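Working notes, beginning with the structure itself.
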Amino acid sequence: AYSRACAMTGEHSLPALESCHIRPFALEGPHEISNGLLLRSDLHRLFDKGYVTVTTDYRIEVSTRLREHFQNGRSYYPLHGQNVAVPQRLDERPDPELLRWHNEVKFLSA
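The sequence shown lines up with residues 470 to 579 when you count with our numbering.
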């Protein structure tokens with residue numbers, strides 16, 4: 470669905486890529502492609518911890534808390550506002566309701 474590339478960066482190094490649940494399976498997230506993103510491993514961890522998210526219009530948001538908590542994040546802030554690559558098939562694209570859940574429940578907003 471993602472042409473073996475990170476949805477946020479376009480990185481193609483397969484050992485660095487991981488499938489990421491938008492709403493974790495353990496928190497009643499469906500085990501479907503529309504509940505997933507293909508991300509670089511560092512971005513997957515930041516997504517799971519709420520330091521990055523994807524908006525319902527498929528844009529990347531990077532939390533200012535990344536800087537506050539770690540006095541860093543310089544390599545991630547250029548991603549803020551960028552479009553996420555999504556699958557061409559509509560049924561494989563991230564579900565906006567699941568993205569909304571991640572934004573409201575997991576994302577560490579300012």
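No residue lacks a Cβ here, since even glycine has one placed at the ideal position from N, Cα and C.
As the structure is a computational prediction, the values presented were derived from the model and not from experiment.
Which stretch, first to last residue, makes up the beta strand (DSSP E) that contains residue i?
i: residue 536; result: Element bounds for residue 536: not the beta strand (DSSP E) but the alpha helix (DSSP H), 534-539.
Of the choices the options, whose alpha-carbon is the least far from that of residue i?
i: residue 567; options: 492, 476, 510 and 541; result: 492
i: residue 485; options: 510, 505, 497 and 498; result: 510
Would you mind reading off the limits of the alpha helix (DSSP H) that contains residue i?
i: residue 512; result: 510-518
i: residue 568; result: 565-570
In chain order, what residues of the same chain lie with their CB nearer than 6 Å to the CB of residue i, ignoring the 5 residues before and after it?
i: residue 564; result: 503
i: residue 513; result: 487 and 489
With H, G and I counted as helix, E and B as strand and the rest as coil, what does DSSP make of residue i?
i: residue 577; result: coil
i: residue 503; result: helix
i: residue 561; result: helix
Enumerate in chain order the residues of its own chain whose CB-to-CB distance from residue i is below 7 Å, with the five nearest sequence positions on each side excluded.
i: residue 552; result: 527 and 528
i: residue 534; result: 520 and 577
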